[in-house]
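In terms of the working numbering, the sequence shown has 68 at position 59, counting the first letter as 1, and numbering is strictly consecutive. We treat Cβ as the ideally placed atom computed from N, Cα and C, and that holds for glycine. Notes follow the structure.
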Amino acid sequence: MLKSKELSTRVITGAVYVAVMVVFFLPGLWVPLIPILLMMTVAFMSAFEKSQAVRLRMPGMAVLSVAILSVLLGLSALGGILKGTLLRGLTSAIDPSVNTVAAPRILGYYALLLFLVLPWVGLIRIWREGTDSLPQTVAEAAIILASSLPLASTIALLYGCRFGWRWLVLAILSAWVSDTCAYFAGRFLGRLRLAPAISPNKTWEGLVGGIVGTVILYLLYFPALIGGPSGYTKGVSFALAVVAAVVLSLSASFGDLKNSAIKRWCGIKDFGTLLPGHGGISDRFDSIFATLPAMLLIALLAGLIL
């Protein structure tokens, strides 16, 4: 009875989660700022949850400051968008080479501010509190980077890449499909443990299952919605689809394992309780946060082929 209730809770929460994603991301096809609003919230909550978790081991963590700075640094990428694109983004008729110009410029604004701000913030804290605060300073910087980079990558995809919305949706689908296929492959075929010291339930069979499922997704999605409209030949489209699928599936698995390692180190099961049956925001978005920067890299490399 208890397991049935828990399953129902997970299903209901999962349905609400998918509905929220659709409500915010579907309008992004016309107004890129709408999905960015959701990613701002997610970046804030993820940084907040992780800071709270790490504070169990490092009481000096500045939880709220880390969350706010994560959002502000991520949004700094907006400084690099092309003039006149804030509301509607890039048009599909724009020159294909835009990926190799606009997206790096957008990410460059973010990277420049990131590497200017974080060292100074850390230095000021160490100067005020002494060298004993160095571990907390490094942990805070790592959380800020992990939470702000996906937000900046979202902005770069939507405002710096041709067909950016399609790239963004594919990054999200990659995480969902990879995680789902890995779960079922591991559950029914899993024998060999992938990383027992980090996540005992992860298996090599699950990893392979996630890759296979993602490859199938890409073979259906990429040639029709990105490769063909971008002008790639069928051969190039299918080759890019396979390579990108493997990279993105591995990225999703890495994001999951990284968060599992943090939770194990902090001695907690979940980062939060905001999503009943699923944990916190960080638990639900760990794979997506890893696939977004990876997808931006793939989009940039794909732009060099044209």
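Short Cβ contact (7 Å threshold) for residue i with residue j
i: Ile115; j: Ala76; result: no
i: Ala148; j: Val63; result: yes
i: Ser260; j: Asp188; result: no
i: Ser142; j: Ala56; result: no
i: Leu91; j: Ala111; result: yes
i: Ser79; j: Ile153; result: yes
i: Ala165; j: Leu305; result: yes
i: Phe298; j: Gly289; result: no
i: Ala248; j: Gly218; result: no
i: Thr300; j: Leu266; result: no
i: Trp174; j: Leu46; result: no
i: Arg200; j: Ile103; result: no
i: Val316; j: Ala254; result: Nothing can be reported for residue 316, as the shown portion of the chain is limited to 10 through 315.
i: Ala308; j: Trp176; result: yes
i: Ala250; j: Tyr227; result: yes
i: Gly286; j: Thr18; result: yes
i: Val4; j: Gly222; result: Only positions 10 to 315 of the chain appear in the structure, and residue 4 is not among them; the question remains open.
i: Arg137; j: Thr146; result: no
i: Cys275; j: Leu65; result: yes
i: Thr163; j: Met48; result: yes
Coil, strand or helix - residue i by DSSP
i: Arg134; result: helix
i: Leu82; result: helix
i: Met30; result: helix
i: Val279; result: Note that residue 279 is Asp in the sequence shown, not Val. Here Asp279 sits in coil by DSSP.
i: Trp213; result: helix
i: Thr163; result: helix
i: Lys92; result: coil
i: Met70; result: coil
i: Thr100; result: coil
i: Val25; result: helix
i: Trp129; result: helix
i: Val20; result: helix
i: Val224; result: helix
i: Gly117; result: helix
i: Val75; result: helix
i: Gly236; result: helix
i: Val110; result: coil
i: Gly139; result: coil
Residues that DSSP places opposite residue i in a beta bridge
i: Ala204; result: Ser208
i: Gly288; result: Leu284
Span of the alpha helix (DSSP H) around residue i
i: Ser269; result: Lys243 to Cys275
i: Arg196; result: Gly173 to Leu198
i: Thr44; result: Reading off the sequence shown, one finds Pro at residue 44, where the question assumed Thr. First-last of the alpha helix (DSSP H) with Pro44: Leu42 to Arg64.
Nearest-angstrom Cα separation, counted from residue j out to residue i
i: Pro302; j: Tyr168; result: 14 Å
i: Pro159; j: Ser208; result: 23 Å
i: Thr109; j: Val245; result: 18 Å
i: Lys211; j: Thr94; result: 43 Å
i: Ala311; j: Cys190; result: 26 Å
i: Thr282; j: Asp292; result: 10 Å
i: Val31; j: Val20; result: 16 Å
i: Pro128; j: Leu216; result: 37 Å
i: Gly83; j: Pro232; result: 31 Å
i: Ser106; j: Leu179; result: 20 Å
i: Tyr319; j: Phe53; result: Nothing about residue 319 can be read from this structure; the chain reaches only from 10 to 315.
i: Ile181; j: Tyr26; result: 13 Å
i: Gly131; j: Ala206; result: 31 Å
i: Ala151; j: Val40; result: 31 Å
i: Leu229; j: Trp213; result: 25 Å
i: Phe294; j: Tyr241; result: 31 Å
i: Thr50; j: Pro44; result: 10 Å
i: Leu284; j: Ser239; result: 38 Å
i: Val126; j: Gly88; result: 16 Å
Residue-level contact to chain C via CB, residue i, 7 Å cutoff
i: Ala151; result: This model lacks chain C altogether, as it is built from one protein chain only.
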